[in-house]
Amino acid sequence: MQTPTRDEWLAKARTLSEALPYMRRYAGSTFVIKYGGHAMGDAGLAELFARDIVLLKQVGINPVVVHGGGPQIGQMLERLKIKSSFIDGLRVTDKETVEVVEMVLAGSINKQIVAAINSAGGRAVGLSGKDSNLITARRLERVQRDPDSNIERVLDLGFVGEPYKVNPEILQALAKSDIIPVIAPVGFDVNGDTYNINADTAAGAVAAAVKAARFFLLTDVAGVLDKEKKLIEKMSLEDAHKAIADGTASGGMIPKIETCIGAVEQGVDAAVILDGRVPHALLLEIFTEGGAGTLIGKA
């Protein structure tokens, strides 16, 4: 490995110096980060992500990580020869499937992320929505309209849920320590049944419950793009609603924007959609003037 030159060291020093005002601004704040997509599947990016999370904690920010794991769930179901189907992009989850979902999300994936953060010098602990009554869920209801008859029918997705209540007490306690919580999006209802929850939705609900200063959604795109496919760096809530209404946002970006809107409307200072494939995307967004994604705020 080539030794950096003096000019390169000076450039790094300037970068650190420029980051100081942002470190002071956010010291003591809670950031909720939804971790998934390519950033989680690439070993090199996963290592950088873990280091960045540890750095945030070291400079006085309280990071809370909520992760997904759809591809890994699919791989495990295939290995176990359990058939899986989708309706409108949502995995139909029966009793057998939800057991696998919990095993993969709250087990292997969660502990891999915890181990990576610990290896980077942090102190992480794995949680699921079941721990300390963190996420109470309810069955997710979706309605599908038949295009020919125009008749609506309720879809049966099984044990697919949405957050009904988030109890932030354990996260508030951990924020006062040097421990970094890593949350698997598995919840339970009042009857004790287990539910698979979309990670974006779970992360948004957690961010709202802890009144996070920032909610970050790591994706596989640069952020919200305008109709000329250029990155929109900042949007108000009104802009975000308009982007959905006029077709600027489409496909999978719509539910991500809606999740960000919901989080901001419920007390999060701002939400950011950014490209997890970019090394140190979090640090670029937090500690530089230009940022790295699309920030959605109240104004």
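Numbering (the working numbering), first residue to last: 9 to 307.
Positions of the beta carbon are idealized from the N, C-alpha and C atoms, including for glycine.
query	result
Three-state secondary structure (DSSP) at glycine 301?	strand
What's the C-alpha gap between glutamate 177 and alanine 183?	10 Å
Grab me the residues of threonine 144's own chain with a C-beta within less than 6 Å of its C-beta, minus the 5 sequence neighbours each way, in chain order.	Tyr172 and Lys173
Which partner residues does histidine 75 have in the DSSP bridge list?	Tyr43
Please give me, in chain order, every unbroken run of the beta strand (DSSP E) with length at least 3 that falls completely inside the segment 188-263.	194-196, 202-205, 222-227 and 242-244
Any contact between the segment 234-247 and the segment 104-115? By contact I mean 3 or more CB pairs, one from each, below 8 Å.	no
Flag this pair as yes or no: are the beta carbons of isoleucine 205 and valine 190 separated by less than 9 Å?	no
Do histidine 75 and alanine 192 have their CB atoms nearer than 9 Å?	yes
Nearest-angstrom Cα distance between glutamine 66 and lysine 89?	44 Å
Okay, do the segment 41-61 and the segment 295-305 touch, 3+ Cβ pairs below 8 Å being the bar?	no
Once you ignore the five residues that flank threonine 104 on each side, which residues in its own chain have a CB closer than 7 Å to its CB?	Note that residue 104 is glutamate in the sequence shown, not threonine. Taken in chain order, the residues that qualify are Ile90.
What does the alpha-carbon distance come out to for the pair glycine 82 and arginine 14?	49 Å
So for threonine 312, helix, strand or coil by DSSP?	With the chain covering only 9 through 307, there is no way to say anything about residue 312.
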